[in-house]
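All remarks here apply to the structure that follows.
Numbering (my numbering), first residue to last: 528 to 632.
Pasting the structure below:
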């Protein structure tokens, strides 16, 4: 199953807080963390993961969960590994809070 497609679907659901809570409850944060670890050299997969996590990072409770899972470190690694990829940089910065709202869509 194409992981980047799953991430794309979640990206679109991520703009709805109720849907986000369901995804958190169902373990999405752990799943996407595992996807990020799966193929660190694949920029397309990293972008898809970053996009799907961006809106979760704007909620303090969920961000703390992401920290416990080590996701911010994975985001930093992706940004270093793909320093010339504008998509990884854009969504990495979005995840890290360099924008005030989640404006993925």
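Think of the CB as a built atom: it goes at the ideal place given N, C-alpha and C, for glycine as much as any other residue. Here the structure is a predicted model, which is why all the values come from computation and not from measurement.
- In the DSSP assignment, residue 579 falls within the alpha helix (DSSP H) that extends over 570-581.
- Taking C-beta atoms under 8 Å as the contact rule, residue 572 and residue 562 qualify, at a distance of about 7 Å.
- The continuous alpha helix (DSSP H) containing residue 561 extends over residues 555-565.
- Residues of the same chain with a CB within less than 7 Å of the CB of residue 566, apart from the 5 flanking positions on each side, are 572 in chain order.
- Its chain contains 606, 609, 610 as the residues whose beta carbon lies nearer than 8 Å to that of residue 616, once the 5 sequence neighbours on both sides are disregarded; these appear in chain order.
- For residue 601, the enclosing alpha helix (DSSP H) covers residues 598-608.
- The alpha-carbon of residue 602 is positioned some 12 Å away from that of residue 624.
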